[in-house]
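S.K.:
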Amino acid sequence: MTRLLARFAVARPRVVLAAALLVVAVLAVVGQDVEQRMKPTQLYVSGTETYRAHELASGHYGDAIALQLTGPKAEIDRQGPRLAQALTERPRTRALTPWSGGAAGARLRPTATDAVLLLDVRRTGEETASSVLPPLRRFAEQRTSPPVRVHMAGVTEVGRSYNDTIVHSIRQAELLAAPILLLVLLLVFRTPLAAAIPALVALGTVLSGYGVVRILSEWVELDAVTLNMASMIGLALGVDYSLLLVSRFREALAEGEPPAQAAMTSATTAGRTAAFAGLVLIALMTVVLLVAPGSAMLSSAVGSIVVAVIGVLGAVLVTPAAVRLVGTRIDAWPILRRRAGDGSGRLGGLVRRVTARPWPALLIAGALCLVAALPAVALKTIPPDPRQLPKGTQALEDFQALRRVGFGPEVEVVLRSDDGPLTDPANLQAIDGLQRRLARLRAVRFVAGPADVGRQTGQVRRIGGQLQRVRRQVDDGRRQLARLDSGLGRAGRGLAQLR
80 MTRLLARFAV
90 ARPRVVLAAA
100 LLVVAVLAVV
110 GQDVEQRMKP
120 TQLYVSGTET
130 YRAHELASGH
140 YGDAIALQLT
150 GPKAEIDRQG
160 PRLAQALTER
170 PRTRALTPWS
180 GGAAGARLRP
190 TATDAVLLLD
200 VRRTGEETAS
210 SVLPPLRRFA
220 EQRTSPPVRV
230 HMAGVTEVGR
240 SYNDTIVHSI
250 RQAELLAAPI
260 LLLVLLLVFR
270 TPLAAAIPAL
280 VALGTVLSGY
290 GVVRILSEWV
300 ELDAVTLNMA
310 SMIGLALGVD
320 YSLLLVSRFR
330 EALAEGEPPA
340 QAAMTSATTA
350 GRTAAFAGLV
360 LIALMTVVLL
370 VAPGSAMLSS
380 AVGSIVVAVI
390 GVLGAVLVTP
400 AAVRLVGTRI
410 DAWPILRRRA
420 GDGSGRLGGL
430 VRRVTARPWP
440 ALLIAGALCL
450 VAALPAVALK
460 TIPPDPRQLP
470 KGTQALEDFQ
480 ALRRVGFGPE
490 VEVVLRSDDG
500 PLTDPANLQA
510 IDGLQRRLAR
520 LRAVRFVAGP
530 ADVGRQTGQV
540 RRIGGQLQRV
550 RRQVDDGRRQ
560 LARLDSGLGR
570 AGRGLAQLR
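Under the numbering used here, the first residue of the sequence shown is numbered 80, with each subsequent residue one higher.
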């Protein structure tokens with residue numbers, strides 16, 4: 080297969096390069112909004128209790144968000160109810176606020192200068208956290224004014240901030256890596272054309288990878304780790320595989336082969352090596368894709384597989400076509416003089432000693448690798464936490480503001496009843512008992528659930544009953560007034576007749 084693709088690329092280099100340029104351009108346009116399509120980082124693992132709870136709740140609940148208002152008491156008392164009312168009228172938004180009434184509402188006012196509003200925000204199938212949460216923050220900020228400040232926290236908001244941080248880091252890394260990469264390639268090849276081919280192939284690999292990831296995001300939920308892998312591994316594979324072929328092409332030219340034959344030689348030797356390395360990576364990432372849990376591992380595997388496939392195609396198709404078209408001009412405009420030699424330098428001497436005694440070299444290298452890997456034994460991993468975000472991040476500041484008043488990360492408990500609706504009095508009583516037991520746990524600051532709604536509903540019913548009794552009394556009074564008015568009318572007519 081490698082030979083067939085190489086023969087086609089060498090025979091029709093302009094066609095291959097034009098097609099590659101068109102594909103990269105189309106995929107680059109498709110991938111322009113790939114950042115907005117990435118889901119917040121989640122750690123739901125299929126088959127676990129958390130995953131089952133998430134699946135049960137996903138059809139009925141949206142993103143759990145905590146809005147915290149901080150400011151003077153008088154301003155909180157004035158602006159808070161107005162914001163709470165606006166949130167209850169907002170589409171696909173449910174709110175539990177300090178002004179909802181009952182014990183639950185009272186707990187949401189931890190201090191006189193702080194108020195917490197718990198929201199459940201539903202998303203449509205086309206919406207993402209990046210398209211829903213920022214407008215929610217703006218919605219709250221537009222309905223408040225200084226000195227009141229709005230903080231927004233929640234698992235989904237933290238996941239979105241992780242994505243934004245990763246994307247920002249990728250952009251910074253790309254800006255930093257690009258000039259360093261070009262400088263290294265120039266030092267290695269010493270001519271601009273030879274350095275440009277691996278750099279352009281790497282750029283095309285990354286841009287194409289973004290486009291493919293954007294297409295896959297329509298069917299698979301991916302987070303920003305996918306972009307991280309597509310960018311970093313795409314640059315590495317694009318340069319590495321193409322560099323092998325360009326080096327072998329120049330060697331073949333130096334041995335006297337014509338450009339077409341040299342391109343074919345590089346494709347069938349170094350190209351085969353690149354294809355094998357890429358296929359091994361694809362196979363390993365496919366295993367990760369099938370057995371590794373969590374969206375982060377899924378996203379890593381998908382990003383790696385996408386750019387590995389594109390990198391292999393770039394190595395066996397695009398690079399052979401490029402070197403065939405450039406031909407002997409690949410050594411034009413040398414920047415640094417290439418020193419002729421037979422490999423007798425320090426590196427060549429090291430290579431000869433290693434190949435002369437492979438087993439001792441293998442044992443030494445293996446021992447060094449084991450020593451370097453020893454710290455990984457004590458490695459401890461934790462779920463995504465806002466404290467891992469860079470200082471100055473909005474999500475970190477919001478999280479710290481909530482912690483200041485005693486609120487930590489929320490934990491969702493999903494209840495399911497096979498014995499009638501959860502709103503039945505018996506079920507509400509059982510849920511109320513569970514909530515009270517959970518609230519007594521040392522690490523639990525606040526519990527809100529169906530029992531609170533049930534108690535508030537009971538209060539509303541009692542108030543409604545009182546209003547009905549008052550209404551009946553008013554109706555009775557009106558009837559009595561009507562009868563009295565009728566009697567007075569008859570008496571008036573009688574007096575008139577007597578006159």
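The beta-carbon is built from N, C-alpha and C at its ideal position, and this holds for glycine as well.
Helix, strand or coil: which one does DSSP assign to Thr203?
M.R.: If DSSP states are grouped into helix, strand and coil, Thr203 belongs with coil.
S.K.: Please report the distance separating the alpha-carbon of Leu166 from that of Phe478.
M.R.: 21 Å
S.K.: Report the rounded CA-to-CA distance for Arg541 versus Pro504, giving the unit in angstroms.
M.R.: With a pLDDT of 44 at Arg541, under the threshold of 50, the modelled position of this residue cannot be trusted; read the value that follows with caution. Distance between the alpha carbons of Arg541 and Pro504: 15 Å.
S.K.: What are the boundary residues of the alpha helix (DSSP H) that Leu301 is part of?
M.R.: In this chain, Leu301 is not harboured by any alpha helix (DSSP H), its DSSP state being neither H nor E.
S.K.: Following the continuous alpha helix (DSSP H) through Gln35, name the residue where it begins and the one where it ends.
M.R.: As displayed, the chain neither begins before 80 nor continues past 578, which places residue 35 out of reach and without an answer.
S.K.: Once the 5 residues before and after Ile336 are set aside, which same chain residues still bring their CB inside 7 Å of it?
M.R.: In the sequence on display, residue 336 carries Glu and not Ile. Hits under 7 Å: Thr344.
S.K.: Does the stretch 398-415 come close enough to the stretch 256-273 that 3 or more CB-CB pairs lie under 8 Å?
M.R.: yes
S.K.: Taking the C-alpha atoms as reference points, what is the distance between Leu265 and Ile414?
M.R.: 8 Å
S.K.: Enumerate in chain order the residues of its own chain whose CB-to-CB distance from Met80 is below 7 Å, with the five nearest sequence positions on each side excluded.
M.R.: none
S.K.: Please return the same chain residues whose Cβ sits closer than 7 Å to the Cβ of Gly485, not counting the five positions on each side in sequence.
M.R.: Pro189, Arg524
S.K.: Entirely within the stretch 327-396 and at least 4 residues each: give me those alpha helix (DSSP H) ranges in chain order.
M.R.: 338-370, 374-392
S.K.: So the candidates are Ile144, Gly180, Asp156, Asp112; which of them puts its Cα closest to the Cα of Pro213?
M.R.: Ile144
S.K.: In or out: Asp112 buried (at least 16 other Cβ within 10 Å) or exposed?
M.R.: exposed
S.K.: Counting Cβ pairs, one atom from each stretch, are 3 or more of them under 8 Å apart for the stretch 223-232 and the stretch 150-159?
M.R.: yes
S.K.: Helix, strand or coil: how does DSSP classify Asp193 here?
M.R.: strand
S.K.: Straight-line CA distance for Ser240 to Val292?
M.R.: 20 Å
S.K.: Ends of the beta strand (DSSP E) at Asp156?
M.R.: That residue, Asp156, is in no beta strand (DSSP E); its alpha helix (DSSP H) goes 152-167.
S.K.: Might you give, ordered along the chain, the residues of its own chain that have their beta carbon closer than 6 Å to the beta carbon of Gly283, omitting 5 neighbours on each side?
M.R.: Val103
S.K.: In or out: Gly445 buried (at least 16 other Cβ within 10 Å) or exposed?
M.R.: exposed
S.K.: Pull up the distance between the alpha-carbon of Ala278 and that of Val318, whole angstroms please.
M.R.: 6 Å
S.K.: Give a yes or no on contact between the stretch 171-178 and the stretch 252-268, applying the rule of three or more CB pairs nearer than 8 Å.
M.R.: no
S.K.: Nearest to Thr50 by alpha carbon, out of Met117, Met231, Asn307, Ala331?
M.R.: One cannot answer for residue 50 here, as it falls past the ends of the chain, which runs 80 to 578.
S.K.: Going by CA-CA distance only, name the one from Met311, Ser209, Glu206, Leu215 that's closest to Leu197.
M.R.: Ranked by Cα distance from Leu197, the options Met311, Ser209, Glu206, Leu215 are led by Leu215.
S.K.: Name, in chain order, the residues that DSSP records as bridge partners for Val229.
M.R.: Paired residue(s): Leu148.
S.K.: Flag this pair as yes or no: are the beta carbons of Ser378 and Asp497 separated by less than 7 Å?
M.R.: no
S.K.: Quick check on this structure: which residue in Arg201, Leu392, Phe218 has the alpha carbon closest to the alpha carbon of Leu316?
M.R.: Leu392
S.K.: Is the beta carbon of Thr347 closer than 7 Å to that of Ala90?
M.R.: no
S.K.: Quickly, what does DSSP pair Thr172 with across the bridge? List them, please.
M.R.: Val200
S.K.: Closer than 8 Å by C-beta to Gly357: which residues in its own chain qualify, once you throw out the five before and the five after it? Chain order, please.
M.R.: Hits under 8 Å: Leu316, Tyr320, Ala387, Val388, Gly390, Val391, Ala394.
S.K.: Please go through the same chain and pick out, in chain order, the residues whose beta-carbon is closer than 7 Å to the beta-carbon of Ile155, but skip the five residues on each side of it.
M.R.: Leu148, Thr192, Ala194, Val227
S.K.: Since I believe Leu306 is in contact with Ile245 (beta carbons under 8 Å), could you give me their beta-carbon distance rounded to a whole number of angstroms?
M.R.: Yes, they are in contact, since the Cβ atoms of Ile245 and Leu306 sit about 7 Å apart, within 8 Å.
S.K.: Quick check on the burial criterion: 16 or more other C-beta atoms within 10 angstroms. Buried or exposed for Ile384?
M.R.: With 16 or more Cβ atoms within 10 Å of its Cβ, Ile384 is classed as buried.
S.K.: Who are Asp142's beta bridge partners in DSSP?
M.R.: Assignment of beta-bridge partners to Asp142 by DSSP yields Val200.
S.K.: Figure out for me which residue from Gln164, Asn242, Ala185 has the closest Cα to the Cα of Arg222.
M.R.: Of the listed residues, the one whose Cα sits closest to Arg222 is Gln164.
S.K.: Please state the DSSP three-state secondary structure of Leu458.
M.R.: coil
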